[in-house]
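Each residue of the sequence shown is one higher than the one before, starting from 3 at the first, in our numbering.
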Amino acid sequence: MLVNFMIIVLMGSIGLNRERCIMSYVIFDCSQFLTFSCDEAELKNEVAQFGMKVLLKEEIAIKKLTYLSPLLEEKVIELFDQEFVGVIEDWKEEENPPIELVNLREEITDFCSAINIKSLKLIIISCASENIEEDTIVSKEVQIDQFYEGLFVLSKWNLKEVADNLILAINL
3 MLVNFMIIVL
13 MGSIGLNRER
23 CIMSYVIFDC
33 SQFLTFSCDE
43 AELKNEVAQF
53 GMKVLLKEEI
63 AIKKLTYLSP
73 LLEEKVIELF
83 DQEFVGVIED
93 WKEEENPPIE
103 LVNLREEITD
113 FCSAINIKSL
123 KLIIISCASE
133 NIEEDTIVSK
143 EVQIDQFYEG
153 LFVLSKWNLK
163 EVADNLILAI
173 NL
């Protein structure tokens with residue numbers, strides 16, 4: 003039985019905080035990842051439901067896996083969507099999330115339900131520098147019904163709190 007599940011979303015530079023990415027060399031951006039522990043057969047059947055191209059661990063660039071290694075579980079997949087960055091950047095009203103985020107929440111909920119996951123982490127990084135120590139990461143814990151509230155911290159329209167990177171621990 004699966005207890006922990008981690009989703010990692012790495013995005014391109016976000017509006018207000020681009021200076022941080024210039025401080026050292028950016029090694030990659032615009033990448034979304036899921037990491038978790040589960041049966042390989044279940045994994046292959048369930049990843050098809052995500053509305054993005056899916057890459058299995060052996061297809062993911064080594065530099066991405068190396069950067070993320072302290073955060074990764076046994077299984078890792080990359081959800082490829084170059085437009086995801088713009089979706090969060092342009093999200094203006096917390097109570098009116100873009101359809102892409104509504105779909106992501108539904109896909110996460112369905113995926114976790116199908117393989118009995120009780121909690122997960124969504125990690126969104128605006129840019130991955132050569133030195134992970136330079137990357138500021140804000141952590142929040144939310145229930146699934148607070149999903150959008152947790153994500154909105156990365157919107158350039160959010161005036162309450164500014165974050166370069168986010169770890170959103172979600173309880174289902």
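Even for Gly, the Cβ is constructed at its ideal location relative to N, Cα and C.
Residue 128: first and last residue of the uninterrupted alpha helix (DSSP H) it sits in: Per DSSP, residue 128 lies in no alpha helix (DSSP H) and is assigned neither H nor E.
Which listed residue (146, 93, 84) has its alpha carbon closest to that of residue 112: It is 146 whose Cα lies nearest to the Cα of residue 112.
Supposed close pair residue 82, residue 120 - CB separation, criterion 8 Å: Rounded to whole angstroms, the Cβ separation of residue 82 and residue 120 is 27 Å, and the two are not in contact under 8 Å.
7 Å CB neighbourhood of residue 57 in its chain, flanking five on each side removed: Correct list, in chain order: 79, 80, 82.
Residue 28, enclosing alpha helix (DSSP H) - first and last residue: From DSSP, residue 28 is part of no alpha helix (DSSP H) but of the beta strand (DSSP E) over 28-30.
Per DSSP, cross-strand counterpart(s) of residue 82: As computed with DSSP, residue 82 is found in a beta bridge with 55.
Cβ-based burial, residue 161 [other Cβ within 10 Å; buried from 16]: Taking all protein chains in view, the Cβ of residue 161 is surrounded by fewer than 16 other Cβ atoms within 10 Å, so the residue is classified as exposed.
Anticipated Cβ contact below 8 Å, residue 52 with residue 75, distance rounded: A Cβ-Cβ separation of about 17 Å leaves residue 52 out of contact with residue 75 under the 8 Å criterion.
Opposing strand residues paired with residue 44 [DSSP bridges]: Within the DSSP bridge table, the entry for residue 44 names no partner.
Cut-off 7 Å between Cβ atoms - residues of its own chain near residue 45, not counting five sequence neighbours on either side: Cβ within range, chain order: 77.
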